[in-house]
Amino acid sequence: MSQVISRRSKSKVELQLDAVQVGMFTDLATVMDLSYQLPVIKEIVVEKRRRRGMLNLCSPICTPCHVFCSTLTKEGFNWDQVQKGEILNVQVLQDFCQNFPILLGIGVATTELKSMLELLQPLGLNLLGGEEEKIGVKSFDAVDEIFEHLSLG
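Each residue of the sequence shown is one higher than the last, beginning at 12 in our numbering.
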């Protein structure tokens with residue numbers, strides 16, 4: 012086990028990592044091991060069949076995780092659906108953001124972004140950029156409007 016840890020530590024130094032993101036189904040032992048070396052960001056994907064248990068997804072491993080990255084966009088969910096109660100509801104999402112450090116990934120109209128952030132108060136946003144233009148170079152044109160809207164505030 013110490014060999015695995017030292018190999019991970021070496022990789023951390025070589026790669027100059029600030030944090031590591033793990034998937035939703037990463038086991039607790041791996042999360043614990045990583046959390047001693049780097050801040051851990053755990054991805055939480057809200058699926059149609061599991062949408063009500065969102066808070067429970069974080070509870071068993073909240074101690075070693077520094078941040079949770081909530082991804083509602085993978086299933087195509089958006090803020091409008093949350094407001095209508097079609098997926099979760101505003102209160103559940105607000106409780107989630109108040110109880111855990113959340114990077115919120117949700118489709119939202121740029122004009123509604125500030126009011127949503129004020130209401131939910133997540134740690135931050137999980138924004139996805141555009142396509143990779145060439146190896147190692149990604150375009151963020153798709154999120155420019157969001158950055159512009161937030162900076163005008």
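C-beta: ideal position from N, C-alpha, C; glycine also.
*For the candidate residues Gly-96, Leu-115, Phe-111 and Gln-94, whose alpha-carbon lies nearest to that of Ser-81?*
Leu-115
*To the nearest angstrom, how far is it from the Cα of Leu-45 to the Cα of Leu-134?*
21 Å
*asked:* Only counting the same chain, and skipping five residues up and downstream in sequence, which positions put a Cβ closer than 6 Å to that of Cys-108?
replied: Leu-131, Gln-132 and Pro-133
*From the DSSP output, which residues share a beta bridge with Gly-135?*
Leu-114
*Tell me whether Thr-27 sits in a helix, a strand or coil according to DSSP, three-state version.*
In the sequence as presented, Thr is not what sits at residue 27; that position holds Gln. If DSSP states are grouped into helix, strand and coil, Gln-27 belongs with coil.
_My assumption, with CB atoms under 8 Å, is that Phe-79 sits in contact with Phe-111. Please give the rounded CB distance._
5 Å
*Apart from the five residues just before and just after Glu-144, which ones in its own chain have a Cβ nearer than 8 Å to its Cβ?*
Ser-150
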